[in-house]
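Q:
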Amino acid sequence: MRLSKLFVPTLREDPADAEIASHRLLLRGGFVRQVMSGVYTILPLGLRTIRKIEAIVRDEMDAAGSIELRMPILLPADPWRATGRYDLYGETLFKLTDRHDRDLILGPTQEEVVALMAAADLPSYRDLPKNVYQVEWKYRDEFRPRFGLLRVREFLMKDAYSIDRDEDGMRESYRIMYEAYERIYARCGVDYVIVEADPGQIGGGVNHEFMARATVGEDLFVECENGDYLADTEAARPMVPEPAGEGTESLTEIDTPDTPTIDALASLLGVAPSKTLKCVMFDVAGTTTAVLVPGDREVNVEKLGKLMFPAKVRPFQDTDFGARGFAKGYVGPQGFDGNVQVLADLTVRGGNDWVTGSNAKDRHVTGANVDRDFRVDRWEDVVEFREGDRCPIDGGTLRIGRSIVVGHIYQLGTKYSEPLGARFVDEDGTEKPYVMGSYGIGFGRIMATTVEQRHDDVGMVWPKVLAPFEVVIVIATRDHDATVAEAERIYEELRGRGVDVVIDDREQSAGVKFADADLIGYPVQVVVGKRGLEAGTVDLKLRATGDKTQAPIAEASAAVVDLLATAP
RNA sequence: CGGGACGUAGCGCAGCUUGGUAGCGCGCAGCGUUCGGGACGCUGAGGUCGCGGGUUCAAAUCCCGCCGUCCCGACCA
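Residues in the first sequence are numbered from 1 upward in steps of one, following my numbering.
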């Protein structure tokens with residue numbers, strides 16, 4: 001390609017609205033332009049990179065046995081009502097109506113479509129398993145688009161869906177996708193980790209996020225110092241402590257004036273907050289639910305919501321305490337009647353002889369013990385992760401890292417097939433719902449993430465597999481016919497060798513071309529100029545290291561191929 | 001949606017406090033010079049000052065409302 005013929009509007013100055021490196025550099029390098037908040041035009045250079053990502057993804061999906069198809073973006077709302085996602089996604093869904101006043105949506109993801117498609121056209125266990133994928137625009141009316149291409153409202157995604165007859169099949173399909181994803185990110189040169197994650201609005205059970213390490217990432221993840229545990233902070237669970245067993249104290253009620261908070265109580269009694277038992281009250285679909293956690297910890301409402309799903313979880317308002325006969329700030333689990341569901345976090349097992357509320361204002365109890373003094377109906381993991389918590393696997397210290405989620409895979413089970421009545425006939429003649437999985441990768445995020453991970457103060461530093469072009473030939477002395485002729489010759493030779501090369505034949509000064517080459521970040525730069533020509537050489541530069549070398553002009557193309565082979 | 005900031009030529013900005021009818025740099029066009037790290041000279045084009053209303057003889061400037069964009073918090077590829 002010729003830069004004189006391409007459309008590469010680079011900018012000299014940083015755009016005012018771009019804060020993070022990837023946004024700033026992709027705008028400056030002429031890869032993308034913003035149309036409105038969270039919506040971008042992909043310019044020719046950006047499109048070339050996106051297509052390279054797409055080719056790698058397609059290659060791995062095809063190799064993993066997934067079959068490409070294309071589903072509509074414009075979708076009927078009804079299946080989404082059936083699965084509950086119409087309301088669950090809420091405002092994030094782009095909703096519209098057609099001329100017949102029928103409710104439609106723009107697809108944010110397509111589990112419903114796949115389930116219904118399977119129901120119609122994959123009627124037998126003999127048709128299974130199937131794995132289908134598409135590369136398609138996705139629409140999500142995010143609360144706040146931000147960070148350039150990292151959080152947008154319209155984005156290009158590869159979404160795949162596995163359809164199996166049973167759980168074992170789903171797990172096998174999931175494993176295959178998991179491994180395909182590992183290869184995809186490795187090939188793209190993304191520095192990533194895989195974490196156990198929160199399923200969010202897609203729902204389901206086991207799921208993993210592929211997180212690219214970054215300094216600007218929106219997502220926090222937890223990593224064990226020993227490298228054996230990784231999880232999204234929302235899903236992270238601390239080590240379950242050894243059961244402390246029953247304590248030695250007897251249940252004693254004491255006066256604790258003006259101590260509605262853990263801090264006030266702990267300082268009055270001179271005990272550690274972790275010795276107190278916090279009793280946090282929720283309304284779960286109308287049932288009063290008490291959640292017990294050590295006084296120094298917080299309840300993770302998201303985790304609780306997932307445990308109770310589909311029942312709605314609502315923290316007690318001030319009025320709820322009085323209305324249901326609880327003393328706010330002094331609630332304790334002993335003496336709850338059967339109308340109160342008692343859920344305790346697993347960390348509560350590690351303590352005994354608790355200090356907790358007495359259910360009377362300004363009074364607490366000491367020496368409270370599980371089973372002897374109060375009942376626990378369910379033991380679950382519901383605490384908020386804290387920096388410094390112990391790893392659930394080996395007890396090592398957990399640290400927090402920052403990342404960009406570049407992929408997310410889910411074991412969905414029958415979450416979508418069940419409510420949609422999407423069933424096949426199994427070998428034994430009975431109808432069963434499909435057991436599904438879904439697997440997504442956002443292309444724009446991979447592009448932006450790569451820039452975040454690979455840039456310097458003058459521009460982007462593309463790995464050769466994703467660079468819009470692998471090599472740029474800069475004509476440094478454009479009024480010198482012999483220089484132009486040599487540059488053209490090298491250009492044709494490189495093309496002949498199958499190198500993805502672009503020639504900067506624009507009517508620009510050499511300085512502009514050099515600056516643009518560094519900004520755009522072609523892995524290899526070839527400078528052909530009068531000066532070199534007279535010495536019989538061309539200059540080569542490896543963008544990643546900045547190393548410059550000379551090559552004899554007659555062997556320029558071979559030298560470029562060799563240098564390219566060493567490029568990251 | 002809550003909190004903060006911004007909106008003046010394609011891009012980056014000044015002008016606003018103290019109203020008098022818009023300016024700088026880059027970019028763009030023409031001519032000439034230059035030609036290996038964002039060249040130089042001359043000439044020139046380009047602006048509903050985000051939109052609407054109000055105050056005033058007069059509004060980019062003051063007041064009210066709205067819209068848009070970005071940043072910080074609740075969602076996700």
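Where a beta carbon is used, it is the ideal one built from N, C-alpha and C, also for glycine.
When you compare each of ALA115, LYS138, LEU269, ILE163 to ASP362 by their alpha carbons, which one comes out closest?
A: The residue with the shortest Cα to Cα distance from ASP362 is LEU269.
Q: Based on Cα-Cα distance, which residue from ASP428, HIS480, ALA448 lies nearest to TYR40?
A: The residue with the shortest Cα to Cα distance from TYR40 is ALA448.
Q: So, is THR248 buried or exposed, given that buried needs 16 or more other C-beta atoms within 10 angstroms?
A: With fewer than 16 other Cβ atoms within 10 Å, it is exposed.
Q: Taking 8 Å as the threshold (C-beta atoms), are ALA517 and ILE503 in contact?
A: No. Outside cutoff.
Q: Return the chain-ordered list of same chain residues with a C-beta closer than 6 Å to the C-beta of ILE176, the five sequence neighbours on each side being excluded.
A: Closer than 6 Å at Cβ, skipping near neighbours: ALA64.
Q: Helix, strand or coil: how does DSSP classify TRP80 here?
A: Note: TRP80 maps to helix in three-state DSSP.
Q: By alpha-carbon positions, which one of GLU154, LYS130, TYR185 ends up nearest to SER162?
A: Selected option, being the one with the closest Cα: LYS130.
Q: Rounded to the nearest angstrom, what separates PHE221 and THR397 at their Cα positions?
A: About 14 Å.
Q: Over what stretch of residues does the alpha helix (DSSP H) that includes MET157 continue unbroken?
A: Looking at the DSSP string, MET157 is not in any alpha helix (DSSP H); the run it does join, the beta strand (DSSP E), is 154-164.
Q: Buried or exposed for LEU533, please, with buried defined as at least 16 other CB atoms from any protein chain shown within 10 angstroms of its CB.
A: Classification for LEU533: buried.
Q: Given 8 Å as the limit, is there contact between the stretch 299-311 and the stretch 267-287, that is, 3 or more CB pairs closer than that?
A: Short answer: they touch.
Q: Between LYS275 and VAL365, is the Cβ-Cβ spacing less than 8 Å?
A: Not closer than 8 Å, so no.
Q: Should the stretch 318-330 be called in touch with the stretch 372-383, which here means at least 3 C-beta pairs below 8 Å?
A: The stretch 318-330, when compared against the stretch 372-383, does not touch it at the 8 Å Cβ threshold.
Q: Below 8 Å, can you find three or more Cβ-Cβ pairs linking the stretch 173-189 to the stretch 458-467?
A: Segments in contact, yes.
Q: From PRO523, PRO44, GLY429, ALA197, pick the residue whose C-alpha is nearest to that of MET1; which is it?
A: Checking every option, the nearest Cα to that of MET1 belongs to PRO44.
Q: Can you tell me whether DSSP reads ILE558 as helix, strand or coil?
A: For the record, residue 558 in the displayed sequence is Ala; it is not Ile. The answer is helix: DSSP assigns ALA558 an H, G or I state.
Q: Tell me whether GLN134 is buried or exposed, calling it buried when 16 or more other Cβ atoms sit within 10 Å of its Cβ.
A: The residue is buried, with at least 16 neighbouring Cβ atoms inside 10 Å.
Q: Quick one: complete beta strand (DSSP E) runs, 3+ long, within the stretch 208-259?
A: Runs found: 219-224, 230-232, 252-255.
Q: Which first and last residues belong to the beta strand (DSSP E) in which MET36 is found?
A: Unbroken beta strand (DSSP E) run through MET36: 32-36.
Q: Would you list the one or two residues that DSSP bridges to MET436?
A: Looking at the DSSP assignment, MET436 forms a beta bridge with ILE163, GLY413.
Q: Measuring CB atoms only, is the stretch 31-39 touching the stretch 65-76, in the sense that at least three cross pairs come out at less than 8 Å?
A: These segments do not touch.
Q: Go ahead and label ARG151 buried or exposed: buried means 16 or more other beta carbons lie within 10 angstroms of its beta carbon, across all protein chains shown.
A: So ARG151 ends up on the buried side.
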